[in-house]
Each structure stands twice: as structure tokens, then as C-alpha cells.
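Going by this note's numbering, the first residue of the sequence shown is number 265, and it counts up by one from there.
Glycine included, C-beta positions come from ideal geometry on N, C-alpha and C.
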Amino acid sequence: MNLIRNRMRKEYLMRAFILAAFLSCSASSGVMACGPVAPEFWEDSPKRVKSNFDNAEFVVVALVSDVRNVSVPDKTFPHFSSIVERAKFRVERSYKGKLNPGDTFTIESGKTVCGRGVLSAEWVPPTSGDESPRAEYPKRWLIYYTPTPFMPDSPVQPPAFEISVSRQTMPVDYASYDLELLKKFAGSWARQDEQYKRTQAQPPHR
265 MNLIRNRMRK EYLMRAFILA AFLSCSASSG VMACGPVAPE FWEDSPKRVK SNFDNAEFVV
325 VALVSDVRNV SVPDKTFPHF SSIVERAKFR VERSYKGKLN PGDTFTIESG KTVCGRGVLS
385 AEWVPPTSGD ESPRAEYPKR WLIYYTPTPF MPDSPVQPPA FEISVSRQTM PVDYASYDLE
445 LLKKFAGSWA RQDEQYKRTQ AQPPHR
């Protein structure tokens with residue numbers, strides 16, 4: 265029971281953190297910078313990696329197969345549109361979830377000011393001078409795909425997920441610590457996750 269309670273507490277804290285991050289990042293709020301995040305969400309620690317893993321819908325290493333900027337109509341105000349980055353990924357290795365190597369998925373970034381995208385200057389520094397070609401953007405990414413929670417009674421919903429400067433979306437060159445732990449423990453973590461889901465699906469004892 266303690267394991268289940270601890271897991272439920274972790275899920276609540278992670279959802280609260282994601283929601284707080286969205287509220288601080290939302291372009292409609294007028295905030296022009298992402299809010300600060302507690303150090304434990306950045307540190308290299310087994311606790312942080314397992315928390316990312318547990319709360320993700322899927323965890324993969326994926327290759328960018330296509331990326332472009334597109335105009336997307338606003339769901340709340342259809343007459344308005346915004347330019348977002350749409351990146352298509354092909355799975356190379358799956359650590360959690362239903363996606364298999366070769367499967368594809370798409371992430372749109374830029375709907376909030378926290379969304380950066382794979383072409384961001386965070387990863388692709390601009391060069392000086394018009395004659396210098398821009399560096400290539402990172403092609404391989406570690407992604408803990410963690411959908412944002414639904415906000416009841418809110419006319420504006422957060423985007424499903426974005427490439428951001430966080431420990432949930434990282435070029436693999438930045439992710440060596442996570443990848444080492446995932447290679448060792450992802451299998452056992454996934455089994456624990458399935459066991460937890462089965463426990464939650466059981467009807468309560470009377």
C-alpha cells in the first residue's frame with residue numbers, strides 16, 4: 265500500500281508541476297518567460313529520471329525525419345492562427361509505451377513561449393556573418409512524452425506536448441546520464457508501471 269500511495273503522490277506532484285509550468289508559460293497570460301523550475305527537475309539523479317519515466321505516456325529515442333514551420337488556426341479563436349514548428353519523429357528505440365522502432369509521431373512546438381522546437385537557437389546557435397552556414401540541428405532526441413493535464417471548465421487548453429528546454433526533451437548528446445539509467449532499469453520500471461495500472465484497475469474491496 266505504501267508503494268501505491270507514494271506512486272499516487274508522485275503523479276499528483278508531477279501533474280501539479282506540469283500545470284504550473286503551463287500557466288507560467290502560456291502566451292495568453294502575458295508572461296514572456298518560462299517560470300523557474302525546482303532544481304530536482306533538472307538534476308542528474310535516479311529519482312528524477314524515474315519520475316520522468318513514470319509520468320510519461322511513452323519514452324523513446326527518436327530521429328527527426330521532417331521539420332517545418334506551419335500556420336495553425338487557434339482552436340479557441342478559429343479566425344486567428346499562429347506559426348508553430350511541426351517536427352515528425354521516427355522511433356529508433358522504445359523504453360516505454362506502445363510505439364515500436366520505425367513508428368512515427370509528430371510534435372508541434374511554439375504554441376507557448378516555453379515551446380522551443382528542434383530548430384531553436386538553444387540547440388542550433390546562430391553563426392556570425394551571412395556567409396557562415398548555420399549549424400545542423402540535433403537529429404536524435406530522447407523524449408519523455410508527457411501530455412499536459414486537461415483543465416476542466418477552461419476555454420483554453422494547454423498544447424499536448426512541446427519540445428522545450430527541459431529534461432523531458434533532450435538531444436541525445438545531452439542525455440547520456442538518462443540513457444545509461446534507461447538501458448539498465450527501463451524494463452523493471454515498465455513492469456512496475458504495468459503492475460501499478462493493474463492494481464488501479466481492480467475494483468475496491470468492500
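Can the beta-carbon of residue i be found less than 8 Å from the beta-carbon of residue j?
{"i": "G374", "j": "G381", "result": "yes"}
{"i": "Y409", "j": "E321", "result": "yes"}
{"i": "A450", "j": "F317", "result": "yes"}
{"i": "R431", "j": "L327", "result": "no"}
{"i": "S345", "j": "P337", "result": "yes"}
Starting from residue i, trace the beta strand (DSSP E) in both directions and tell me its first and last residue.
{"i": "P303", "result": "No beta strand (DSSP E) holds P303; DSSP gives it neither H nor E."}
{"i": "R404", "result": "404-409"}
What is the C-beta distance between residue i and residue j, in whole angstroms, given that I count them as a contact (C-beta under 8 Å)?
{"i": "L406", "j": "L383", "result": "Contact doesn't hold; Cβ gap of about 18 Å is too wide."}
{"i": "T412", "j": "A424", "result": "7 Å"}
{"i": "V325", "j": "L363", "result": "Contact doesn't hold; Cβ gap of about 11 Å is too wide."}
{"i": "T368", "j": "R354", "result": "5 Å"}
{"i": "K311", "j": "W453", "result": "Incorrect: roughly 12 Å between the Cβ atoms, too far for contact."}
{"i": "I371", "j": "A351", "result": "5 Å"}
{"i": "G379", "j": "S428", "result": "6 Å"}
Bridge partners of residue i, per DSSP?
{"i": "T433", "result": "I407"}
{"i": "S428", "result": "G379"}
Could you please give the first and the last residue of the uninterrupted alpha helix (DSSP H) stretch that includes residue i?
{"i": "T463", "result": "440-465"}
**Report entry** Uninterrupted alpha helix (DSSP H) stretches inside the region 318-383 (no shorter than 4 residues)
**Finding:** The DSSP assignment places no complete alpha helix (DSSP H) segment of no fewer than 4 residues inside the region 318-383.
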